[in-house]
Each structure stands twice: as structure tokens, then as C-alpha cells.
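Numbers 296 to 544, taken from the numbering used here, label the letters of the sequence shown in order.
Here a beta-carbon is modelled for each residue, glycine too, at the ideal position from N, C-alpha and C.
Remember, it's a predicted structure, so these values are computed and weren't measured experimentally.
Before any comments, here is the structure.
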Amino acid sequence: MRASDSASSACPSLAALTFTLIRVREEPPPPPERWGRQLADGLGHLRRNRPLRHLVACTGATMLLMGINGAVGYAVVDVGLHRPPEFNGVTATLQGVGSLLGGLAAGALLRRFGDRRVTAAAIAVFAAGMALRAVPSLVPVLAGSLAVGLGVPLVLVTVWSAMQRETPGPLIGRVSATVNMLTFGPGTLAVAAGASLLALVNHRVILLVAAVTAVALAGWALLGGDRTTPSAEPSPDRVPAPATSGGRG
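Dropping the structure here:
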């Protein structure tokens, strides 16, 4: 065996021996805080940050309308287009394509236009998509599905980018959980509500009312809240000192 081969085979053993000589002193994890306290901290941060609170409210309302849109999906295919239920896979695929395009474009759009204008435009596209899905014709429904998929991810990317940018590090975990609850919770409830409405109202009426509501929401997204710069960083005096009883997340 050559000397180089012997040295190569000895390297793993030397590395293992070196690791055994390293002494690591780990701090015990802090005791978990109650869920209510974490939620209160997250809500408190949103209460103090009006622009972020405004974005979260717009996103929660958007996801509520998205839940209604999803609840009538099969009615759009069955009653509106007179297609088999499997055709819902086609509309869902187009919505996924729109989501992919929206996600890819989000960064450039936010840098160029800022949070409020991107959110307002995305909700307007979403509104147009729902209105098109109310038309009992194939091409408008497919175009509407693409528009719905394009608009909603832009709203979500905007609010989560703003949350990370506007939240101090020690609070990021609890604010993230609070924003997650406030944005996705309404959509879950709306799915059940939309399914119940279908027993009473035609799906086209539901979609058109949702579209009109989304147009009003787009206007509120543009005009409400304070103007913020997308690249703004939280000032040092906004970052609280670490708690002596343990880190919060």
C-alpha cells in the first residue's frame, strides 16, 4: 500500500478523534410559553404596525373570497360548463400555472411598485378571474382560472415579505404564526360557507358578488394603510431587548 493511500485511509479516523475532543456546552431550551401569550405578542406587533396590519387584513379578506371561489369550483364545471367533474382538474391546472407565474414575478413587481400597489393589482386580477368564471363558456372560465391563480400568490408573497421585513427577529416566530392564522383561517371557514350557499344561490351569483367585493377590496388595499418602502428595514429602536427569562419564538 502506498503512503498516500495510508494517509487517506487515516483521515476519517483522525477526524473522528478530533470531534471527540470538542467540548460543547449547550444551554437548556427555555420553557415553552402559553399559546395565548404568543398570540397576544403577535397581535400586539400588528396593532403597532399599521401598514403590516393593513396588508394582513387585505390578505385575510382575499383568502376568504378564495375559499368561496374554491367551494363553487365543481358547480362552475358541472352547472356552468356541463362538463364531467374530472374537468375540474383542467381548471385547477391552469390555476396552478397562474400561481407559478405570479410567484416568479412577485419579487420584481414588489421592488418596482411596492406593497400596496402590488396587493391592489393582484386583488383586481383575482376579481376579474372570479367574474370570468361566472360566464358559462369554456374560454372565459379557463382564463378566469388562470387569473385567479395569478392574483392570489402575489397577495400572499407580499404580506409574508412585509411580515419578515417589518418584524424584529425575537418576534418573528409568534408574528408569523399570528399572520398565518389571520390569513388562512378565513379561507377555511369560507369553503364551508360557500358550499352551504350553493344550496340556496346559483354559483354565478356567488362568484359575481365575490368579484364585486374583491374590486372594493382592491381599492381599500390601494388607499388604506400608510405608504411604506419595500426595502425599508426596521429601525434598531424597534427591536426589543432579549427577554431574560429565555428567547421567544
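Q.
Using C-beta distances below 7 Å, list every residue in its chain close to L477, excluding the 5 sequence neighbours before and after it, in chain order.
A. V351 and G355
**Q.** L451 versus G409: straight-line alpha-carbon distance, rounded
**A.** 14 Å
Q.
Within 10 Å of its beta-carbon, does C306 have 16 or more other beta-carbons around it, so buried, or fewer, so exposed?
A. exposed
Q. Roughly how many angstroms separate the alpha carbons of S308 and E321, rounded to a whole number?
A. 26 Å
(Q) Which same chain residues end up closer than 6 Å to T453 when comparing Cβ atoms and leaving out the 5 residues on each side of it in sequence? (A) D410, V413 and T414
Q) Per DSSP, what kind of secondary structure is N383 in: helix, strand or coil? A) helix
Q: Count the CB pairs spanning the segment 418-437 and the segment 483-493 that are closer than 8 Å, and state whether there are at least three.
A: no
Q: Specify, as a first and last residue, the run of the alpha helix (DSSP H) that V450 falls within.
A: L433 to E461
(Q) Helix, strand or coil, according to DSSP, for P307 in the structure here? (A) helix
Q. Are the Cβ atoms of L341 and V500 separated by less than 9 Å?
A. no
Q | Closest Cα partner of A509 within the set A442, Q390 and F421 | A | F421
Q) Beta-carbon separation of A423 and A506 under 9 Å? A) yes
(Q) Taking 8 Å as the limit between beta carbons, can you name the residues of its chain near F479, skipping five residues before and five after? (A) M358
Q.
Excluding the 5 residues flanking G519 on each side, which residues of the same chain have their C-beta closer than 6 Å to its C-beta?
A. H349
(Q) Quick check on the DSSP output: the alpha helix (DSSP H) that includes P481 runs from which residue to which? (A) I467 to L493
**Q.** A490 to G339 span [Cα, whole Å]
**A.** 34 Å
(Q) Suppose contacts are defined by Cβ-Cβ distances below 9 Å. Is L376 in contact with M425 by that definition? (A) no
Q: Determine the DSSP secondary structure at L350, reduced to helix, strand or coil.
A: helix
Q) Any idea if I317 is buried or exposed, counting beta-carbon neighbours within 10 angstroms, 16 or more meaning buried? A) exposed
Q) If you drop the 5 nearest sequence neighbours on each side, which residues of the same chain put their C-beta closer than 6 Å to that of I363? A) A485, G489 and A505
(Q) Tell me which residue opens and which closes the alpha helix (DSSP H) that A506 is part of. (A) H498 to L518
**Q.** Alpha carbon of P380 to alpha carbon of R329, nearest angstrom
**A.** 45 Å
Q | Per-residue DSSP class, three states only, for L376 | A | coil
Q) CA-CA distance, A546 and L334? A) Only positions 296 to 544 of the chain appear in this structure, which leaves residue 546 out of reach.
(Q) Cutting at 7 Å between CB atoms, please list the residues of its own chain near G378, excluding the five before and the five after it. (A) At residue 378 the sequence reads Arg, which differs from the Gly that was named. Only V372 meet the Cβ criterion.
(Q) Tell me which residues share the same chain as N344 and place their Cβ nearer than 7 Å to its Cβ, disregarding the 5 neighbours each side in the sequence. (A) E461
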